[in-house]
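Line order of the protein sequences matches chains L and H. Be aware that the first sequence starts at 0, since it is given in numbering that gives the first Met the number 0, and climbs by one per residue. Be aware that the second sequence starts at 0, since it is given in numbering that gives the first Met the number 0, and climbs by one per residue.
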Amino acid sequence: MKLARLLHAESIKLKRSLILLLVVGVPVMMLIMLTMMLVSDKSAGDWPRFVMTGSAIWAFFLLPMSATALTALLAQIEHGPGAWSSVLSLPYPKWLIYAAKAIIALGVMALISALIWVAIILSGLLGGAIVPAQALSGDFAGGQLAALLAKMWLAGILVVAIQFTIAMAIRNFAAPVVVGIGGTFVAVVATSAKIGIYFPWLLPTNVLASDPAKALQALLSGALLGTLILVASCVWLGRRDEI
Amino acid sequence: MTFAVSTTRLSRNFGAIKAVDSLDLRVPAGSVFGFLGPNGAGKTTTIRMLLGLIKPSAGVVSLNGLDLSSQRMAALHGVGAIVEKPTLYPNLTGRETLEIGAILLQKPRAAVLPLLDLVGLNEAAGRTVSTYSLGMRQRLALARALIGAPRLLILDEPTNGLDPAGIVQMRELIRGLPARFGTTVMLSSHLLSEIEQTADHCALIANGRLIFQDRLERLHARAQPLVRIESDRPEEAAQLLAEHALAALVVDGKLQIQGALAADERAQLLRLLVEAGFAVSGLSQERPSLESIFLKLTASPGQAEQAALYKGESA
């Protein structure tokens, strides 16, 4: 199967790349940050609240930044002189070559999300072990966290799709990074705005909304619109001239 | 004759600029075909169209008898290529680089070993490409282009940036490919000397237009000899020769006669001039170098006329 072969080849290209540093680095950052927060907090919290805090940090800041860095690094693998030429002159449909890269991007985001689950849980346990008075009370919320992270991954497909398209279309590393950082910081302002519910970089955070309808809307629009844009992007990129 | 590459009126415009203009290329199967032209002549644009990387504004490309636009995948299946200076993947080892090719072209991983051997990278196969010299990278790129056992190999300036030893190595590798694998090799270069030492057929393009296409020795045959005579009063000497049905021009103060003269004809010519009182200080018969023909063909103002002449004669 052509797609399976492309995915196999793409996964080999990740060996010893900066993408692996990102996969490990972001969860480690989360682990350190949450552990420090927990041990310095005056009031002991419970697992459900802690899980919400951790996932909010991920959705609001680290998820869009990870999507930005990941897609930019993924594109840079092929942006060197002549690299795209040798890939796109293979006997494969060009759109499928881009689709394999998009699937790898979503797969790596899923992997980082899984490691974020580990980081949040581990930081909860670690904080309690360092300062026993701060040990989290209540039921262990591993299932709740897994469900939240899965929804955030789905809602984040739109951000991945936007970043992927820019990173693949423009050889310059700065362009997708500027858009990604810009989007993430505009999201801070947009939280209080009514229109914020439609802002792509805010959709993963909106999954946490107390209003179930708003949370569902964020989930569906991020996942469906994101998938649509990814597919359209692969077709468009495949039709472009490789100059 | 079967052709590994055949194009019909292939053209590509970038805005108002015609980068490639009605190119009718014929690359004979089993040949090493030199694709020559000065920088900016349209070589890379042509190669990009041959590989389906950019769409032609007009015209048709056929690879190994398969139409590229309607049978892209089948046509590209038998093609390996190096376009521009290959970056490869610096984080991967030489072996991993070739294994990616083997996976994508459905070849066994064992196919990697003889290729590493062929390009002399067996010992360096476990090192990451970031530690390779430019010559090693170029040889690895060649091995990668060969992994699918292509019937046609397209190489865009494969010796660019290499040191003399690297050039010799690459040249020997390329020259041996048709006999070893039955591969047709089409290589572009702006260096005539490179093509001269590697190819048996060649095409010349300038300003996007084909100005010569044939066997390399036919290009040599275009090198019409010249007889140069150093004499005093060259204009008067030219007039005397004209009276004896010998058309001579005065170029840079020397008499110049187009075409070869036999030894007795040259002796007769000298006698004629000396007996008429001219002080002849030298006579030489020269064959212009291929380099000078190349420059003349690609740069002279009457290029279009020459193109018509050469294409007509070589057809």
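Glycine is no exception: its CB is placed at the ideal position from the N, C-alpha and C atoms.
Cα separation between residue i and residue j?
i, j, result
"T226 (chain L)", "G127 (chain L)", "40 Å"
"I99 (chain H)", "L117 (chain H)", "18 Å"
"L87 (chain L)", "L97 (chain H)", "16 Å"
"L105 (chain L)", "I156 (chain L)", "7 Å"
"G53 (chain L)", "I119 (chain L)", "6 Å"
"E229 (chain H)", "R265 (chain H)", "13 Å"
"V31 (chain H)", "E195 (chain H)", "11 Å"
"L260 (chain H)", "R221 (chain H)", "17 Å"
"D66 (chain H)", "P199 (chain L)", "43 Å"
"S56 (chain H)", "S69 (chain H)", "16 Å"
"R8 (chain H)", "P85 (chain H)", "29 Å"
"L19 (chain L)", "Y97 (chain L)", "20 Å"
"G181 (chain L)", "M151 (chain L)", "20 Å"
"L5 (chain L)", "L103 (chain H)", "7 Å"
"R217 (chain H)", "A198 (chain H)", "13 Å"
"D23 (chain H)", "S291 (chain H)", "24 Å"
"M36 (chain L)", "V27 (chain L)", "14 Å"
"G141 (chain L)", "W116 (chain L)", "8 Å"
"Q317 (chain H)", "V167 (chain H)", "Coverage of chain H is limited to positions 0 through 314, which leaves residue 317 (chain H) absent and any answer about it impossible."
"K42 (chain H)", "A217 (chain L)", "51 Å"
"L75 (chain H)", "H78 (chain L)", "22 Å"
"G252 (chain H)", "G281 (chain H)", "13 Å"
"A124 (chain H)", "I46 (chain H)", "29 Å"
Helix or strand or just coil, what does DSSP make of residue i?
i, result
"F172 (chain L)", "coil"
"A18 (chain H)", "strand"
"H219 (chain H)", "helix"
"N12 (chain H)", "strand"
"L269 (chain H)", "helix"
"S129 (chain H)", "helix"
"I228 (chain L)", "helix"
"R214 (chain H)", "strand"
"V26 (chain H)", "strand"
"V250 (chain H)", "strand"
"I53 (chain H)", "coil"
"L65 (chain H)", "strand"
"T92 (chain H)", "strand"
"K14 (chain L)", "coil"
"S220 (chain L)", "helix"
"G181 (chain L)", "helix"
"R108 (chain H)", "helix"
"H7 (chain L)", "helix"
"D263 (chain H)", "helix"
"S88 (chain L)", "coil"
"E193 (chain H)", "helix"
"N205 (chain L)", "helix"
"F277 (chain H)", "coil"
"L141 (chain H)", "helix"
Can you tell which of the options has the C-alpha that lies nearest to the C-alpha of residue i?
i, options, result
"I56 (chain L)", "L:A66, L:M32, L:D210, L:V107", "L:M32"
"S285 (chain H)", "H:T1, H:A237, H:L254, H:R227", "The amino acid occupying residue 285 (chain H) in the given sequence is Glu; Ser does not appear at that position. Taking only the C-alpha atoms, the option nearest E285 (chain H) is H:R227."
"L219 (chain L)", "L:S209, L:R15, L:H7, L:I196", "L:I196"
"N12 (chain H)", "H:T44, H:L272, H:A3", "H:T44"
"T182 (chain H)", "H:L62, H:R94, H:A237, H:T92", "H:L62"
"V111 (chain H)", "H:A144, H:V128, H:T127, H:A80", "H:A144"
"R239 (chain L)", "L:L135, L:V158, L:S84", "L:S84"
"M108 (chain L)", "L:P92, L:S65, L:D138, L:S136", "L:S65"
"P211 (chain L)", "L:L147, L:L223, L:I228", "L:L147"
"G39 (chain H)", "H:K17, H:G33, H:L50", "H:K17"
"P89 (chain H)", "L:L201, L:L114, L:K12", "L:K12"
"A275 (chain H)", "H:R150, H:A237, H:V78", "H:A237"
"E242 (chain H)", "H:L272, H:H200, H:D231", "H:L272"
Identify the residues that DSSP records as bridge partners of residue i: which are they?
i, result
"A241 (chain H)", "Answer by DSSP bridge pairing: none, since A241 (chain H) is not bridged."
"R227 (chain H)", "H:Q255, H:S283"
"L35 (chain H)", "H:S188, H:L203"
"P245 (chain L)", "Past the boundaries of the shown model lies residue 245 (chain L); chain L is included only from 0 to 242, so the question cannot be answered."
"L209 (chain H)", "H:I204"
"V59 (chain H)", "H:T7"
"V78 (chain H)", "H:L151"
"D45 (chain L)", "L:S136"
"F2 (chain H)", "H:P27"
"T183 (chain H)", "H:L151"
Which whole-angstrom value describes the C-beta separation of residue i and residue j, a residue pair presumed to lie in contact below a C-beta threshold of 8 Å?
i, j, result
"P157 (chain H)", "L186 (chain H)", "6 Å"
"F293 (chain H)", "L203 (chain H)", "7 Å"
"L154 (chain H)", "I81 (chain H)", "5 Å"
"G134 (chain H)", "L161 (chain H)", "5 Å"
"A99 (chain L)", "L2 (chain L)", "6 Å"
"E241 (chain L)", "I256 (chain H)", "No, E241 (chain L) and I256 (chain H) are not in contact; Cβ-Cβ is about 52 Å, not under 8 Å."
Tell me whether residue i counts as near the ligand ZN, meaning its Cβ is closer than 6 Å to at least one heavy atom of that ligand.
i, result
"H189 (chain H)", "Ligands displayed in this structure: none; no statement on the ligand ZN is therefore possible."
### Query
Which residues, in chain order, does the region 98–112 of chain H contribute to contact with chain A at a C-beta distance below 8 Å?
This model lacks chain A altogether; the protein chains it does include are L and H.
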